[in-house]
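K.L.:
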Amino acid sequence: MKPLLLAAVLAAAPATPQKPPAPDAGLAQAAQPSLTVPGGKFLRARSGNTAVAQMFAPGIAELSLAEKRVAWSLTLAAHAGEDIALDQLGWKLVPAKQLLEGVWLFGRDAQSAASGFDGKLADYLLRFYGHGGNHDSTTGQKFVPAFTAEQLAAGASRALKAGAPWTVKDEAALQAWLQDLKPTLFDASFEPQLTSKAPPPGQDLLTASSNTAYGPGVTQKDLVGFKEKYPLNSRVVKENGKLTEQVFRAGTPDGKVKPGLYAKELSRVIAHLQEAMKSAEPAQKAALGKLVRYFQTGSPKDWDAYNIAWLKVDPKVDANLGFIETYVDPRGHKGQWEGLVNYRDTAENQIMVLMGQKAQYFEDRLPWPQKYRRKKVSLPVAKAINLITSHPEPPAGINLPNEQHIREKYGSKSVMITNVMDAASAVTRLPLALEFSRTAEDREQAQKYSVTARKWLVAFHEVLGHASGQVDPKLKGQSPSVFLKEYDNTLEEARADLVALWHAFDPALAELSPDHEAIARQMYRDFLVEGLTNLRRVEEGNAFEEDHQRGHHMTVTFLEEKGAVKQVTQDGRTYLVIPDYAKMREAVGELLSKLMVIKATGDYEGIRALVQEKGIHFDPKLRDEVARRVKAVDVPTVLLLNSPRVIPVLDAKGALVDLKEDTTQAFVDQHLERSLLGRLSPAEASRVAAKVAGSPDAVREAFKELGPDTAPAPTPAKKGAAPVKSTP
Ligand SMILES: [Zn+2]
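If you use our numbering, the sequence shown corresponds to residues 289 to 1016, in order.
#1: Report the rounded CA-to-CA distance for V937 versus V535, giving the unit in angstroms.
#2: My assumption, with CB atoms under 8 Å, is that A672 sits in contact with N637. Please give the rounded CB distance.
#3: Would DSSP call A538 helix, strand or coil?
#4: Where do the N-terminal and C-terminal ends of the beta strand (DSSP E) with L864 fall, by residue?
#5: Who are Q429's beta bridge partners in DSSP?
#6: Determine the burial state of H367: buried for a count of at least 16 other Cβ atoms within 10 Å of its Cβ, exposed for fewer.
#7: So which residues touch the region around ligand 1, with touch meaning a C-beta under 6 Å from any heavy atom?
#8: DSSP three-state call for A301: helix, strand or coil?
#9: Whole-angstrom Cβ separation of N595 and E691, contact assumed at under 8 Å?
#10: Distance, Cα to Cα, D985 vs V817?
#11: Have a look at the DSSP bridge pairing and note the partners of E874.
#12: In the structure shown, what three-state DSSP assignment does P321 receive?
#13: In chain order, what residues of the same chain have a beta carbon less than 8 Å from the beta carbon of D510, not counting five sequence neighbours either side?
#14: Is E781 near G851, with beta carbons less than 7 Å apart?
#15: By Cβ distance below 6 Å, which residues in the same chain neighbour Y417 in space, the five residues on each side in sequence not counted?
#16: Can you pull the DSSP bridge partners for F611?
#17: Kindly indicate which three-state DSSP category L331 falls into: helix, strand or coil?
#18: Indicate the three-state DSSP secondary structure (helix, strand or coil) for E527 in the structure shown.
#19: Apart from the five residues on each side of it in sequence, which residues of its chain come closer than 8 Å, Cβ to Cβ, to L351?
#20: Compare the Cα-Cα distances from N337 to each of D760, V456, Y412, W656 and report the closest residue.
#21: Would you check if the distance between the CB atom of V923 and the CB atom of P682 is smaller than 7 Å?
#22: How many whole angstroms separate the CB atoms of H679 and E370, which I take to be in contact at a CB cut-off of 8 Å?
#23: If you follow the beta strand (DSSP E) that N777 is part of, which residue opens it and which one closes it?
#24: How far does the alpha helix (DSSP H) with T338 in it reach, from first residue to last?
#25: Quick check: the Cα distance between L763 and V770, rounded to an integer number of angstroms?
#26: On the DSSP letters alone, give me the boundaries of the beta strand (DSSP E) that D468 sits inside.
#27: If we ignore side chains and look at the alpha-carbon of each, how far apart do F650 and P970 end up?
#28: On the criterion of 16 or more Cβ atoms from any shown chain inside 10 Å, does N777 qualify as buried, or is it exposed?
#29: Given this structure, state the Cα-to-Cα distance separating H841 from T677, to the nearest angstrom.
#30: If you draw a straight line from the alpha carbon of K329 to that of V746, how long is it in whole angstroms?
#31: Does the pairing of the region 846-866 with the region 821-828 give three or more beta-carbon distances under 8 Å?
#32: Within its chain, find whatever has a CB closer than 6 Å to the CB of L362; leave out the 5 residues flanking it on each side and keep chain order.
#33: Any idea if E874 is buried or exposed, counting beta-carbon neighbours within 10 angstroms, 16 or more meaning buried?
#34: Check E953 in the structure and name its three-state DSSP category.
#35: Is R632 helix, strand or coil by DSSP?
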């Protein structure tokens, strides 16, 4: 096998000349493509600690016409569900978005230079879209705009006069609406934490969390003994003191299953899926049909049937649509809407092929007790992909489905997302690897191997990491998460990383590159760089809340305690160094084995002790130092990714005949367009997308033409206040 292509992310300006990127008003413009500027062609915009990086869509032109049609319809389906995700993250976020979009399109300040309003609104919209609401998606902490409520009110009045398509029609109604949204938008102490893991006195994990997985007043105690019929896709609320589930579903056409929560949005999703089915190959068509059925009924059985069908097909264009990840729910049950559409990256696929072929070989070499190794590992479907669109902001790799009973019987699909990793490596990872490398030699190695080491880590994490191991029969088929509860995600993420670190030095990787050992050493160093630099993600306090970060910190602390990693201070800078790679690998194996035994036996006390002792608390002085250094090299701490915009080319009858890639659209403009397209029927969405691509002003006109979206179901404020209707 040929050595893995070492993607030179900093080299190679776009092959064809492109239009200059459209500016995000108020945001610093990125440097032009260059061979030396960190970030190169990937960096699109900077706003404070946030950067926008561009994802590209190499090879999309080579998809067949049928594949392009499927890709486009799935993309529209993903957009159509985005308001669901937003509503899941906060009680009034959908009307808040409608307000902000209206002000942005119709009410910007002509004297902006004096007030600074337009720039501040651009910044806030960028974060609002990027984090899917008003809580930082990594720390879960609320953020508020830099403009004042008065400035927003003035902008809203201008927008109303200019014809912003809201349901409020006069100034008095507008003022009432603004008042209603004021705490959500401007009060940092109102609903401060998206997902609480340490509730203040008098509250519990549910009441202290601002997401909408549970209705007002529903407590953990209420839920003891309450068995949900739709654990993944319902909101549990109290009606007349009784708990009920509001199921996310569109209802069936025959009326046998009634519409539920999000019926409007799911009906739009379904229309696009049915359009995709017209061009899909038979097996994919059948799978999409099952997804339609699930969105109609909301039934877990239909979700299982879809996942089984989805696992059996491997089309070039594929998607993850549905209620999938459960990180936001403090109980870890409710799935958040996700819409990711992708196509296979043939060039980057080699490592995935190797893992597929050698899955059993790698399983047999894991360091934990033999009885917890899988005896017959079926070849996982593993591939390298590029994303066309993503909501929420995309990860670097995915392994699905999450349902353990399906994984055990039917396996799982793993992907490594190449266009995300390339953009992220160029803009954030490489500059950090350079700053936190102690020696000139380490820096040189990082330049050479970091990007590949990252791809290998993610590939192992997703393909073999999560899929590895089997649990003890004494769990009687129950998922370990039932036992490990709030520590389950933390354990699982740490375990998957450790599998990657364990296998990194395996001689089988020589097939991929003659430099495989140097790449493995780079992977180890980069893992520690990430552990150190994660500290600056928690701006206040001295405790990690997020599952991945807790798992990472637990691992680094363990390695330090074992003496496999040492803190070295040089010229006032702290580094984590590895005196002996063999010793570090040994410690990696020890912790990995511990975690697998805990998972296999559902040992809650075991994981609780590990996470509490090693995964949460850190030295805030070290964090301050790290934050200073990250700031000094001006590495963005938050990376938002601009999807490659695809533009439909239509024939005279409105049929899609091609897809064109455009990488010049600004981040805010892209999300405005998604908001717009997400509300349209398949034919209308294609027509409007083609029109908007030709003229940026067409977005305003299209919003006006469309008129107000009907008000979402009234949702009471969380803190036990009387229900307040929010009318856009
Ligand atoms: Zn993972």
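All residues carry an ideal CB built from backbone N, CA and C; glycine is no exception.
P.N.:
Let me lay it out:
#1: 38 Å
#2: 5 Å
#3: coil
#4: 861-865
#5: Q481
#6: buried
#7: H749, H754, E781, A784
#8: Low per-residue confidence applies at A301: pLDDT is 28, beneath 50, and the placement is therefore not dependable, though the value from the model is reported in the following sentence. Reduced to three states, the DSSP call for A301 is coil.
#9: 7 Å
#10: 45 Å
#11: Paired residue(s): none; E874 is not in a bridge.
#12: Annotation note: pLDDT 29 at P321 (below 50); position unreliable, no value reported.
#13: K526, L531
#14: no
#15: H959
#16: W625
#17: strand
#18: strand
#19: A359, K604, V605, Y631, L947
#20: Y412
#21: no
#22: 5 Å
#23: That residue, N777, is in no beta strand (DSSP E); its alpha helix (DSSP H) goes 776-791.
#24: Run containing T338: none in the alpha helix (DSSP H); it sits in the beta strand (DSSP E), 338-342.
#25: 10 Å
#26: First-last for D468: 459-474, but that is the alpha helix (DSSP H), not the beta strand (DSSP E).
#27: 45 Å
#28: buried
#29: 31 Å
#30: 23 Å
#31: no
#32: A564, A607, V629
#33: exposed
#34: Contrary to the premise, residue 953 reads as Gln rather than Glu in this sequence. Coil, per DSSP.
#35: strand
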